[in-house]
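Engineer: Please read through the structure below; I'll follow up with questions.
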Amino acid sequence: MHRSDYAERQLRIMQQIDEDHTLTQLANAWLDLAVGGAKIQEANLIFQDLSERYQSTSLLLNGKAVCCMQMGNFDEAETLLVEALNKA
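As numbered in the numbering used here, residues 3 to 90 make up the sequence shown, in order.
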């Protein structure tokens, strides 16, 4: 849809309900990736935090890989994607 304005509005509603909920954190990370720029590092930190809190799932590894690609770290992204494939 490419409607980051709408996504941001929905995220604010989610944050009002429960800012620390896992789904809210995931939505925040993906919105940060869509916005880009300095927000990519914030998204990476969210994916890293969720990986430490729970475990590295394929979804979280894919998110971290997207962050790495956006930051130009393609070798690290490839490693994360291979790890995600091995978990599937």
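Ideal placement from N, C-alpha and C gives every residue a C-beta, glycine not left out.
What would DSSP say about R5, mapped onto helix, strand or coil?
Structural biologist: By 1-based counting over the sequence shown, the position of residue 5 is 3. Coil at R5, not helix or strand.
Engineer: So, T1 versus L52, is the Cβ gap smaller than 8 Å?
Structural biologist: With the chain covering 3 to 90 only, the question about residue 1 has no answer from this structure.
Engineer: What does a CB cutoff of less than 7 Å around A29 pick up in its chain, not counting 5 residues either side in sequence?
Structural biologist: Reading the sequence shown from its first residue, position 27 is the one you call residue 29. Once the five neighbours on either side are set aside, the close Cβ partners of A29 are L13, M16.
Engineer: For a minimum of 4 consecutive residues, which ranges assigned as the alpha helix (DSSP H) are wholly contained in the stretch 6 to 55?
Structural biologist: 6 to 20, 24 to 37, 41 to 55
Engineer: What does a CB cutoff of less than 6 Å around K89 pick up in its chain, not counting 5 residues either side in sequence?
Structural biologist: Numbered from 1 along the sequence shown, position 87 holds the residue referred to as residue 89. Within the same chain, K89 has close Cβ partners S60.
Engineer: Thinking C-beta only, is I48 closer than 8 Å to Q72?
Structural biologist: Working through the sequence shown from its first residue, we reach residue 72 at position 70. Working through the sequence shown from its first residue, we reach residue 48 at position 46. Their beta carbons are not under 8 Å apart, which means Q72 does not touch I48 by this criterion.
Engineer: Output needed for K66: all residues of its chain with C-beta closer than 6 Å, excluding positions within five of it in sequence on either side, in chain order.
Structural biologist: Working through the sequence shown from its first residue, we reach residue 66 at position 64. So the list reads F49, L82, once near-sequence residues are dropped.
Engineer: In whole angstroms, give me the CA-to-CA distance for W32 and N64.
Structural biologist: Along the sequence shown, one-based indexing puts residue 32 at 30. Along the sequence shown, one-based indexing puts residue 64 at 62. If you take the alpha carbons of W32 and N64, they lie about 11 Å apart.
Engineer: Near Q57, which residues of its chain fall below 7 Å by C-beta distance, leaving aside the five closest residues on each side in sequence?
Structural biologist: If you number the sequence shown from 1, residue 57 lands on position 55. Answer for Q57: no residue qualifies.
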